[in-house]
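Visitor:
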Amino acid sequence: MLIVHHLNNSRSQRILWMLEELGLDYEIRRYRRNSDMSAPTELKAIHPLGKSPILEDMCEEGRQTIVVETGALCEYLVGRAGGRLGPDDATDPLLYRQFLHYAEGSVMPVLFALLVASKIPILGRTAAKRIQPMLDTHLDFIEEQLALRPWFAGDQITAADIMMSFPLEAARRRGREGNSRPATTAWLDSIHARLAYIIALEKGGPYAFAA
Ligand SMILES: N[C@@H](CCC(=O)N[C@@H](CS)C(=O)NCC(=O)O)C(=O)O
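Position 65, counted from 1, in the sequence shown is what numbering that gives the first Met the number 0 calls 64; the numbers after and before it change by one each time, with no gaps.
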């Protein structure tokens with residue numbers, strides 16, 4: 000039995016989407032962010048980092064596995080689903096691995112730095128001016144990549160696309176993306192039209208990034 004410890008408006012929406020794409024049974028335990036956007040302390044009872052997503056896998060033998068880090072969760076689920084949404088004949092394994100890690104390893108830290116800068120009066124604006132070009136470099140690279148093929152790793156959707164959804168949705172929400180990067184916009188529109196994505200959105204509750 001799979002249990003997703005899910006925080007509203009967060010990265011864990013990706014895991015719900017992935018589970019729907021894979022058609023695996025799962026249960027959602029919901030947590031609401033505090034007013035300062037931090038996670039409630041109850042999450043720390045599940046894992047000391049207290050961040051979402053957390054996946055709990057209760058095996059039939061009663062053994063419990065806890066997985067944290069969205070990318071690791073994706074890889075765990077690919078394994079659990081016999082390789083589905085992992086690299087296959089229609090995709091490049093190296094691109095798959097690269098984008099699976101790139102989302103949290105490179106793009107999210109820049110978006111997070113911009114978020115922090117936006118909370119700091121005056122000096123934050125100066126910091127944001129230095130950080131924004133870093134985000135633009137990533138978004139331009141992503142646009143070039145998506146102009147070459149329909150999905151991040153090739154001709155089929157993979158877990159790498161699921162990983163890339165949150166940073167690209169968050170970047171679009173910042174309002175900087177506009178329509179200036181058409182391949183990225185088309186990719187976002189195509190993931191949002193997927194039935195599994197729509198079902199995951201209904202199940203996950205408040206998520207401000209899908210617009
Ligand atoms: N790199 C980690 C980041 C986990 C993370 O920061 N999750 C956020 C949700 S978007 C969170 O729990 N924030 C609340 C907090 O830090 O208190 C992952 O991808 O799982």
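Each residue gets a CB set at the ideal place from its N, CA and C atoms; glycine is no exception.
Small disclaimer: the values here were computed from a predicted structure and weren't measured.
With respect to 7 Å, is the separation between the Cβ of Leu-113 and the closest non-hydrogen atom of ligand 1 below this value?
Guide: Answer for Leu-113: no, Cβ out of range of ligand 1.
Visitor: Taking just the CA atoms, how far does Ile-198 sit from Gln-155?
Guide: For Gln-155 and Ile-198, the distance between alpha carbons rounds to 20 Å.
Visitor: Rank Pro-166, Trp-186, Ser-34 and Ala-152 by C-alpha distance to the C-alpha of Thr-69 and give the top, closest one.
Guide: If we check each option's Cα against that of Thr-69, Pro-166 comes out closest.
Visitor: Is there at least one non-hydrogen atom of ligand 1 closer than 7 Å to the beta-carbon of Lys-213?
Guide: Here the chain comprises residues numbered 0 to 210, so residue 213 is not present and cannot be evaluated.
Visitor: In chain order, what residues place their C-beta within less than 5 Å of a heavy atom belonging to ligand 1?
Guide: That gives Ser-9, Arg-10, Ser-37, Ala-38, Lys-50, Ser-51, Glu-68, Thr-69 and Glu-103.
Visitor: Give me the DSSP bridge partner(s) of Met-57.
Guide: For Met-57, which the question treats as bridged, DSSP gives the partners Gln-63.
Visitor: Between Glu-19 and Met-57, what straight-line distance do the alpha-carbon atoms span, to the nearest angstrom?
Guide: In a straight line, the C-alpha of Glu-19 is about 19 Å away from that of Met-57.
Visitor: Give the straight-line distance between the Cα atoms of Gly-85 and Leu-1, rounded to the nearest whole angstrom.
Guide: Approximately 19 Å between the Cα atoms of the pair.
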